[in-house]
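Just below is one structure, and these are the notes that go with it.
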Amino acid sequence: MRFMILVRPATATATTTAPRPSDTPSTSMARYHEQLSKAGVLLDAAAAADYTLIQVRTREEALEWARRLPPSCGEAEVHQLCEADAIAQRPVADQLRAASHP
Numbered sequence: 004m005r006f007m008i009l010v011r012p013a014t015a016t017a018t019t020t021a022p023r024p025s026d027t028p029s030t031s032m033a034r035y036h037e038q039l040s041k042a043g044v045l046l047d048a049a050a051a052a053d054y055t056l057i058q059v060r061t062r063e064e065a066l067e068w069a070r071r072l073p074p075s076c077g078e079a080e081v082h083q084l085c086e087a088d089a090i091a092q093r094p095v096a097d098q099l100r101a102a103s104h105p
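Residue numbers (this note's numbering): 4 to 105.
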């Protein structure tokens, strides 16, 4: 299952502990992406766009990875991506295909 982790930037009041001087959001996010990569779940990441794509077995596993996001990076939202083959199996998709190809 593929999931997108969206990151909303941290506010000054959102962090509970003061980050170390070397812990900028960029360096923290780079270390987080490195952990995901080493675990073999990272598909894509764009720090500038504040998203990370991962592939895991369950939603709970995706939520667990989101919980590991360093507080200095911000707050995570987890969204499951709909697979193309799942869309193709839906009756509405069949109806739309039939309507577009008379």
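Ideal Cβ placement from N, Cα and C applies to all residues, glycine included.
Sub-8 Å separation of residue i and residue j beta-carbons
| i | j | result |
| --- | --- | --- |
| Leu46 | Gln58 | yes |
| Ser75 | Ser31 | yes |
| Leu66 | Val81 | yes |
Contact set for residue i: own chain, Cβ-Cβ below 6 Å, skip 5 residues either direction
| i | result |
| --- | --- |
| Pro12 | Gly77 |
| Arg5 | Gln58, Leu84 |
| Leu56 | Met7, Leu46, Asp47 |
Whole-angstrom C-beta distance between residue j and residue i, which should lie under 8 Å
| i | j | result |
| --- | --- | --- |
| Tyr54 | Leu84 | Not quite, the Cβ-Cβ distance comes to about 11 Å (not below 8 Å), so this is no contact. |
| Tyr35 | Arg70 | Contact flag wrong, Cβ pair sits at about 11 Å. |
Three-state secondary structure (DSSP) of residue i
| i | result |
| --- | --- |
| Met7 | strand |
| Glu80 | strand |
Any non-hydrogen atom of the ligand SAH closer than 7 Å to residue i Cβ
| i | result |
| --- | --- |
| Gln83 | By its list of ligands, the structure shown contains no ligand whatsoever, and the ligand SAH lies outside what it can speak to. |
Sequence-distant residues of the same chain with beta carbon closer than 8 Å to residue i, five excluded per side
| i | result |
| --- | --- |
| Thr61 | Met4 |
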